[in-house]
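Visitor: Below you will find the structure I want to go over with you.
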Amino acid sequence: KAGVTQTPRYLIKTRGQQVTLSCSPISGHRSVSWYQQTPGQGLQFLFEYFSETQRNKGNFPGRFSGRQFSNSRSEMNVSTLELGDSALYLCASSLDWNEQFFGPGTRLTVL
Amino acid sequence: GQSLEQPSEVTAVEGAIVQINCTYQTSGFYGLSWYQQHDGGAPTFLSYNALDGLEETGRFSSFLSRSDSYGYLLLQELQMKDSASYFCAPYSGNTPLVFGKGTRLSVIA
Numbered sequence: 003k004a005g006v007t008q009t010p011r012y013l014i015k016t017r018g019q020q021v022t023l024s025c026s027p028i029s030g031h032r033s034v035s036w037y038q039q040t041p042g043q044g045l046q047f048l049f050e051y052f053s054e055t056q057r058n059k060g061n062f063p064g065r066f067s068g069r070q071f072s073n074s075r076s077e078m079n080v081s082t083l084e085l086g087d088s089a090l091y092l093c094a095s096s097l098d099w100n101e102q103f104f105g106p107g108t109r110l111t112v113l
Numbered sequence: 024g025q026s027l028e029q030p031s032e033v034t035a036v037e038g039a040i041v042q043i044n045c046t047y048q049t050s051g052f053y054g055l056s057w058y059q060q061h062d063g064g065a066p067t068f069l070s071y072n073a074l075d076g077l078e079e080t081g082r083f084s085s086f087l088s089r090s091d092s093y094g095y096l097l098l099q100e101l102q103m104k105d106s107a108s109y110f111c112a113p114y115s116g117n118t119p120l121v122f123g124k125g126t127r128l129s130v131i132a
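Below is the structure:
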């Protein structure tokens, strides 16, 4: 089975721009979660989608949004980028919450 | 609310044994997961404890005490490739896993 894939792997943007990241889960996984990872804050949960519906949401501002398509692929969008949004964005798919399968991540740099 | 505590860094010698502790506070606790993440890589699932006691998987073992809200990951016969960050993540049912900042393990020769 193919693993979780994320595109792009690296991205450089400037403040004020917006960005869209994509995640393709493992075939058969309907739950897709997004995490932000920074050296200072560790792994922080952004949101989770299940069958095209946002099922859980973390404590991030409304500039962070996402969606899931009928094929379970998911996108997350960050608008009005800030320097502090520079991070590794990880997507994970799962059948059960206790075992998440992570993608390689998208490294976002905001200048 | 939820809280999670792990040591930020641990250093151990190649071939030795190391224990990474985790204390948590969460409502509706189901079990405790452990993940490993190498620098530049994605987190990978190591183990899940739903019941009290020790679960062994090769050189890695994970322990859980539900009454103490405590668990640990035990790594034996340490190898250089075990240098990585390790995250414990309490599972509370159909809610997001809380990973926290993890423990950075450095294995030295």
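Residue numbers (the working numbering), protein chains in the order written: chain A, 3 to 113; chain Y, 24 to 132. We put the beta carbon where it would ideally sit given N, CA and C, even for glycine.
Residues in its own chain within less than 6 Å of Gly116 (chain Y) by CB, not counting five upstream and five downstream?
Guide: As a first step, residue 116 (chain Y) is located in the second sequence; it is residue number 93 there, counting from the start. If we look at Gly116 (chain Y) and ignore the five residues flanking it on each side, its Cβ neighbours are Gly51, Tyr53.
Visitor: Residues of chain A with CB under 7 Å from Tyr71 (chain Y), in chain order?
Guide: The residue labelled residue 71 (chain Y) in the question sits at position 48 within the second sequence. Per Cβ cutoff of 7 Å: Asn100, Glu101.
Visitor: Relative to the C-alpha of Gln46 (chain A), which residue among A:Phe71, A:Arg17, A:Asp98, A:Cys93 is closest?
Guide: Here residue 46 (chain A) corresponds to residue number 44 of the first sequence, with the count starting at 1. Among A:Phe71, A:Arg17, A:Asp98, A:Cys93, the Cα nearest to that of Gln46 (chain A) belongs to A:Cys93.
Visitor: Do Gly68 (chain A) and Trp36 (chain A) have their C-beta atoms within less than 8 Å of each other?
Guide: Counting from 1 along the first sequence, the entry for residue 68 (chain A) is found at position 66. Counting from 1 along the first sequence, the entry for residue 36 (chain A) is found at position 34. Going by C-beta atoms, Gly68 (chain A) is nearer than 8 Å to Trp36 (chain A).
Visitor: State the beta-bridge partners of Phe47 (chain A) as determined by DSSP.
Guide: Residue 47 (chain A) sits at position 45 when you count from the first residue of the first sequence. Answer is A:Tyr37, bridged to Phe47 (chain A).
Visitor: In angstroms, rounded to a whole number, what distance separates the CA positions of Thr55 (chain A) and Phe49 (chain A)?
Guide: Residue numbering aside, residue 55 (chain A) sits at position 53 when the first sequence is read from its first letter. Residue numbering aside, residue 49 (chain A) sits at position 47 when the first sequence is read from its first letter. The straight-line gap from Cα to Cα measures roughly 11 Å.
Visitor: Between the Cα of Leu69 (chain Y) and those of Y:Val121, Y:Gln59, Y:Ser26, Y:Gly125, spot the shortest distance and give me the residue it belongs to.
Guide: Mapped onto the second sequence, residue 69 (chain Y) falls at position 46. If we check each option's Cα against that of Leu69 (chain Y), Y:Gln59 comes out closest.
Visitor: Going by DSSP, name the residue or residues bridged to Phe83 (chain Y).
Guide: The count along the second sequence starts at 1 and reaches residue 83 (chain Y) at position 60. Partner(s): Y:Thr80, Y:Leu98.
Visitor: Whole angstroms are fine: how far does the CA of Gly18 (chain A) sit from the CA of Gln102 (chain A)?
Guide: Taking the first residue of the first sequence as position 1, residue 102 (chain A) is located at position 100. Taking the first residue of the first sequence as position 1, residue 18 (chain A) is located at position 16. Cα to Cα, the separation comes out at about 32 Å.
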